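Below is one structure, written out as structure tokens; comments come after it.
2 protein chains.
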Amino acid sequence: MKRSFGARAAAYPLPVFVVGSYDHKGKPNAMVAAWGGICSSDPPSIAISIRPSRYTYRNLMEKMAFTISIPSAKYMTEADFFGIESGENTDKFAVTGLTPLRADHVDAPCIAEFPVVLECRVTKHVKIGAHTQFIGEILDVKIDESMLDSEGKPDLARL
Amino acid sequence: MKRSFGARAAAYPLPVFVVGSYDHKGKPNAMVAAWGGICSSDPPSIAISIRPSRYTYRNLMEKMAFTISIPSAKYMTEADFFGIESGENTDKFAVTGLTPLRADHVDAPCIAEFPVVLECRVTKHVKIGAHTQFIGEILDVKIDESMLDSEGKPDLARL
Numbered sequence: 479m480k481r482s483f484g485a486r487a488a489a490y491p492l493p494v495f496v497v498g499s500y501d502h503k504g505k506p507n508a509m510v511a512a513w514g515g516i517c518s519s520d521p522p523s524i525a526i527s528i529r530p531s532r533y534t535y536r537n538l539m540e541k542m543a544f545t546i547s548i549p550s551a552k553y554m555t556e557a558d559f560f561g562i563e564s565g566e567n568t569d570k571f572a573v574t575g576l577t578p579l580r581a582d583h584v585d586a587p588c589i590a591e592f593p594v595v596l597e598c599r600v601t602k603h604v605k606i607g608a609h610t611q612f613i614g615e616i617l618d619v620k621i622d623e624s625m626l627d628s629e630g631k632p633d634l635a636r637l
Numbered sequence: 479m480k481r482s483f484g485a486r487a488a489a490y491p492l493p494v495f496v497v498g499s500y501d502h503k504g505k506p507n508a509m510v511a512a513w514g515g516i517c518s519s520d521p522p523s524i525a526i527s528i529r530p531s532r533y534t535y536r537n538l539m540e541k542m543a544f545t546i547s548i549p550s551a552k553y554m555t556e557a558d559f560f561g562i563e564s565g566e567n568t569d570k571f572a573v574t575g576l577t578p579l580r581a582d583h584v585d586a587p588c589i590a591e592f593p594v595v596l597e598c599r600v601t602k603h604v605k606i607g608a609h610t611q612f613i614g615e616i617l618d619v620k621i622d623e624s625m626l627d628s629e630g631k632p633d634l635a636r637l
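Chains F and C, in that order, give the protein sequences.
To get our numbering, take the position in the first sequence, counting from 1, and add 478.
To get our numbering, take the position in the second sequence, counting from 1, and add 478.
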């Protein structure tokens, strides 16, 4: 027997995607995307949802580039902070002590300490109600050596 | 130290979203979406990626409606089958013994035995490389009583 919960934005599991971008002055910023996920295999693409009021929204529209950095469990506090504060008023990297690192393939910073990084160029943006979905072509996936197994493949348990 | 894995459609965790739809004759079908996830809160919306060659693609374009049924662990074998076979040649419900149940709010079937169901109407479709992303407004979320805690809230551990 099922119970109805009405119209809700509910699905699981929820990943933590920290979106890295530069503003027009080159200041690095990072925020937690409300939602995101892979949306095509060819070209490999990821979709992230961001409200137009967010600082990152303007950065992505200008630079058409972003990174996704995925934290390990020990950085959950810092990831939370990226989700709460706005880069408009705060240098989130200075406060958290984390290191913005310029991506190799796109004009955006990733978070050096996080074990998984995707480098993406924006190929599309789609307005969906309160959020705009940015589609990013994934130009590179980087994974920390510590998350690889003895054969050099990503170890899902460690991730 | 990070290792580069190049351009890949890689992110985690991956949910199992079984997409239910009717064809033009009213025959129910279900498939596993390659990828999907919530993409806006207002209206609550979910995005799923489907290749144009899939039977479900035609159903969604015609009916502009679908459900997402999320299996519990004991139905993983059936969910796998939904992902492998095509509804063009197979009655997947007959083979798996699962029950298609007409949704309350949209012209699409859900899977009665699966504990979580979202009922969605298509509000947008966006071509992204090899896949088309269907955006569905979530009109209802239904959760089996067995997945609720003593206060009637979804129990994430059971889900």
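Beta carbons are placed, not taken as given, at the ideal position from N, Cα and C, and that holds for glycine.
Just so we're clear, the structure is a prediction, and the values are computed from it rather than from any experiment.
Nearest to A512 (chain F) by C-alpha distance, out of F:P521, F:D501 and F:V497, is F:V497. The beta-carbon of R536 (chain F) is placed no less than 8 angstroms from the nearest beta-carbon of chain C. Rounded to whole angstroms, the separation of the alpha carbons of M625 (chain C) and F571 (chain C) is 24 angstroms. In summary, the residues of the stretch 597-621 of chain C whose CB is separated from some CB of chain F by less than 8 angstroms are T601, K602, V604, I606, G607, A608, H609, Q611, I613, E615, I616, L617, D618, V619, K620 and I621, in the order they occur in the chain. Proximity to A525 (chain F) across F:F544, F:A508, F:Y533 and F:E540 peaks at F:F544, based on C-alpha coordinates.
The Cβ atoms of I589 (chain F) and T601 (chain F) do not sit closer than 8 angstroms to each other. For the 8 angstroms CB-CB criterion, G607 (chain C) and S527 (chain F) do not form a contact. For a Cβ distance threshold of 8 angstroms, residue set P522, I616 and V619 of chain C lies close to R486 (chain F), ordered along the chain. Close partners of V584 (chain F) in chain C (Cβ separation under 8 angstroms) are lacking, with about 12 angstroms as the shortest Cβ gap.
The straight-line gap separating the alpha-carbon atoms of R532 (chain C) and G565 (chain F) is approximately 42 angstroms.
Distance from E615 (chain C) to P521 (chain C) at the Cβ level is roughly 5 angstroms; contact confirmed, criterion being Cβ atoms closer than 8 angstroms.
For the pair E629 (chain F) and S482 (chain F), the Cα-to-Cα distance works out to about 47 angstroms. At a beta-carbon threshold of 8 angstroms, none of the residues of chain F lie near I528 (chain C); the nearest stands roughly 10 angstroms away. For I516 (chain C), at least one C-beta of chain F is nearer than 8 angstroms to its own C-beta.
Residue contact check for S519 (chain C) against chain F: a CB pair falls below 8 angstroms.
Within chain F, the residues whose beta carbon sits less than 7 angstroms from that of V595 (chain C) are K480, listed in sequence order. Annotation: the stretch 526-587 of chain F contains the following complete segments of the alpha helix (DSSP H) (minimum length 4 residues), in chain order: 533-541, 554-562 and 570-574.
S628 (chain F) carries a coil assignment under DSSP once its states are collapsed to helix, strand and coil. Counting C-beta atoms within 10 angstroms of its own C-beta, I562 (chain F) has fewer than 16 neighbours from the protein chains shown and is therefore classed as exposed. Apart from sequence neighbours up to five positions away, the residues of its chain that approach A557 (chain F) with a beta-carbon distance below 7 angstroms are V494, V496, V510 and P549, ordered along the chain.
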